[in-house]
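Numbering (this note's numbering), first residue to last: 37 to 321. Glycine residues also receive a C-beta, built at the ideal position from the N, C-alpha and C atoms. In this text, all values refer to a predicted model and were calculated from it rather than measured experimentally. Step one of this worksheet: look at the structure below.
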Amino acid sequence: MAALLGDQAKGLSANTVSRLKKQWEDERQKRDLSEQRYVYWWVDDIYSKVRMDDSLCLLVIIGVTEHGRKELVAVEDGRRESEASWVKLLTGLRERGLTQAPKLAIGDGAMGFWAALSKLYPETDHQRCWVHKTANVLNKLPKSVQRKVKADLHEIWMAETRVDAHKVFDCTVKRFDAKYPNAMACLVKDREALLAFYDYPAEHWLHIRTTNPIESTFATVRLRSKRGRNCGSRATTLAMVFKLLQSAQKRWKRIAGFNKLELVVNNVKFQDGEPLTDQSDSNAA
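Right, dumping it as structure tokens:
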């Protein structure tokens with residue numbers, strides 16, 4: 037409470053604290069989203085310890101508005117990272133007025149989110165997080181070879197064009213598949229979703245290749261949880277996380293190249309990070 041309200045929070049009565057939590061819970065669940073438009077979503081599930089349960093799975097979405105500002109879209113108790121939990125969350129967003137789908141969603145491949153997204157916002161493109169994918173691939177490799185594979189993965193997502201990325205991708209798979217088929221299968225299964233960012237402005241690639249905005253934000257939330265020796269009930273945890281994220285949101289900066297978001301919103305096509313024009317199309321032909 038002191039982190040949110042200042043030192044005066046130490047003198048608040050239990051009844052006042054309860055009223056504040058109820059107010060925050062209503063704000064979290066009933067916020068009108070009919071006027072909101074998000075171009076990108078970062079999506080992740082974050083686990084937090086609570087006293088009354090073993091753990092709490094927080095389903096989190098942070099969005100980028102058409103003006104380039106990052107905003108908390110949703111944080112919910114998922115119980116588990118299942119498709120049903122994500123369907124419930126996304127259905128709630130639609131019921132509160134968020135009918136316009138984001139152009140691109142970025143997240144880990146292990147979540148039930150993708151199946152839910154295809155049902156509720158089928159027009160949204162899928163981008164797998166390179167940080168999560170790299171970790172998943174390296175976990176299937178002996179330590180002696182992890183550095184080599186990590187360097188190859190870095191070359192894939194740093195390639196200037198999608199064609200170049202596919203070339204490095206093919207070389208990596210060919211190089212390691214015979215000895216480490218499980219690791220390469222993990223990489224190959226999300227091939228197209230890992231390279232979706234090439235269809236968006238190059239200025240945005242730094243932001244849309246990973247879910248880092250969520251990971252970095254939750255470093256503060258985790259620190260606050262530890263100082264509080266874990267949270268209380270599930271409702272208390274949600275209220276605290278919601279307000280901490282809202283407080284952090286005030287310090288979030290606009291994404292680089294935010295002026296290009298207008299092109300994305302207006303369905304301008306991009307190839308290798310550059311907008312396609314009639315001239316470039318004819319040259320390509």
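Using DSSP bridges, identify the partner residues of H162. Residue pairing by DSSP puts H162 in a beta bridge opposite A141.
Compare the C-alpha of V300 against each of W122, C207, V100 and A214 and name the closest. Put simply, of W122, C207, V100 and A214 the residue whose alpha carbon is nearest the alpha carbon of V300 is V100.
Just verifying my parser: in three-state terms, what is the DSSP assignment at S84? Strand at S84.
Stretch pair the segment 191–200 + the segment 226–245: three plus CB contacts closer than 8 angstroms: Segments in contact, yes.
Can you tell me whether S316 is buried or exposed, with buried defined as 16 or more other CB within 10 angstroms of its CB? Any reading at S316 must be qualified, since the residue scores a pLDDT of 48, below 50, and its modelled position is unreliable; the value itself is stated next. So S316 ends up on the exposed side.
Look up F306 in the DSSP assignment and give the residues it is bridged to. The beta-bridge partner set that DSSP reports for F306 consists of P311.
Answer yes or no: do I250 and I82 have a C-beta to C-beta separation smaller than 9 angstroms? Cβ distance < 9 angstroms, so I250 and I82 count as in contact.
G99: first and last residue of the uninterrupted beta strand (DSSP E) it sits in: Taken as a continuous stretch (DSSP letters only), the beta strand (DSSP E) holding G99 covers L92 to T101.
Here's a check: name, in chain order, each residue in its chain whose Cβ is nearer than 7 angstroms to the Cβ of C222, leaving out the five neighbours to either side. Answer for C222: N172, V173 and K176, listed in chain order.
Just to confirm the assignment, what range does the beta strand (DSSP E) spanning E112 have? Where E112 is concerned, the enclosing beta strand (DSSP E) starts and stops at K106 to D113.
Helix, strand or coil for W288 per DSSP? In this structure, W288 counts as coil in the three-state DSSP scheme.
Taking the straight line between their C-alpha atoms, what separation do you get for A146 and Y76? Computed Cα separation, rounded: 19 angstroms.
Do the segment 155–169 and the segment 178–188 meet, that is, are 3 or more Cβ pairs less than 8 angstroms apart? With the cut-off at 8 angstroms, the segment 155–169 and the segment 178–188 do not touch.
Beta-carbon spacing of L69, L125 below 9 angstroms: Between L69 and L125, the gap from beta carbon to beta carbon reaches 9 angstroms or more.
Report yes if the CB atom of V204 is closer than 9 angstroms to the CB atom of M220, and no otherwise. Contact: no.
Measuring straight from C-alpha to C-alpha, what distance separates D308 and L230? Each residue's Cα considered, the two are about 14 angstroms apart.
Measuring alpha carbon to alpha carbon, tell me which of I97, E107, E112 and E102 ends up nearest R270. Checking every option, the nearest Cα to that of R270 belongs to E112.
Cβ pair N218, V167 closer than 9 angstroms: No, Cβ-Cβ distance for N218 and V167 is not below 9 angstroms.
If we call anything under 9 angstroms between Cβ atoms a contact, is L156 one with R130? Taking the C-beta atoms as reference points, R130 is found nearer than 9 angstroms to L156.
Check the DSSP bridge columns for W77 and list the partner residues they point to. W77 is bridged by DSSP to G99 and A141.
Report the residue from K289, F254, P311 and W288 whose alpha carbon sits nearest the alpha carbon of L95. With distances taken between Cα atoms, L95 lies closest to F254.
Thinking just about the alpha-carbon of each residue, which of K57, K66, G104 and N51 is nearest to the one in K289? Of K57, K66, G104 and N51, the residue nearest in Cα terms is G104.
Using only the alpha-carbon positions, how far apart do H190 and E298 sit? Cα to Cα, H190 sits roughly 30 angstroms from E298.
Beta-carbon gap between T273 and S118 smaller than 9 angstroms: No, these two residues do not count as a Cβ contact at 9 angstroms.
Please report the distance separating the alpha-carbon of W122 from that of F149. Going by the C-alpha atoms only, they are around 5 angstroms apart.
Distance CB(A141)-CB(W78) smaller than 9 angstroms: Contact: yes.
Three-state secondary structure assigned by DSSP to T272: Note: T272 maps to helix in three-state DSSP.
Residue burial classification, P158 (beta-carbon count within 10 angstroms, cutoff 16): Per the 10 Å Cβ criterion, exposed.
Counting only the same chain and skipping the five closest in sequence on each side, list residues whose C-beta sits under 7 angstroms from that of Y74. Short of 7 angstroms from the beta carbon of Y74, and not among the five residues preceding or following it, lie these beta carbons of its own chain, in chain order: G99, V100, T101, V109 and P138.
Own chain residues within Cβ distance below 7 angstroms of N295, not counting five before or after: Cβ within range, chain order: n/a, list empty.
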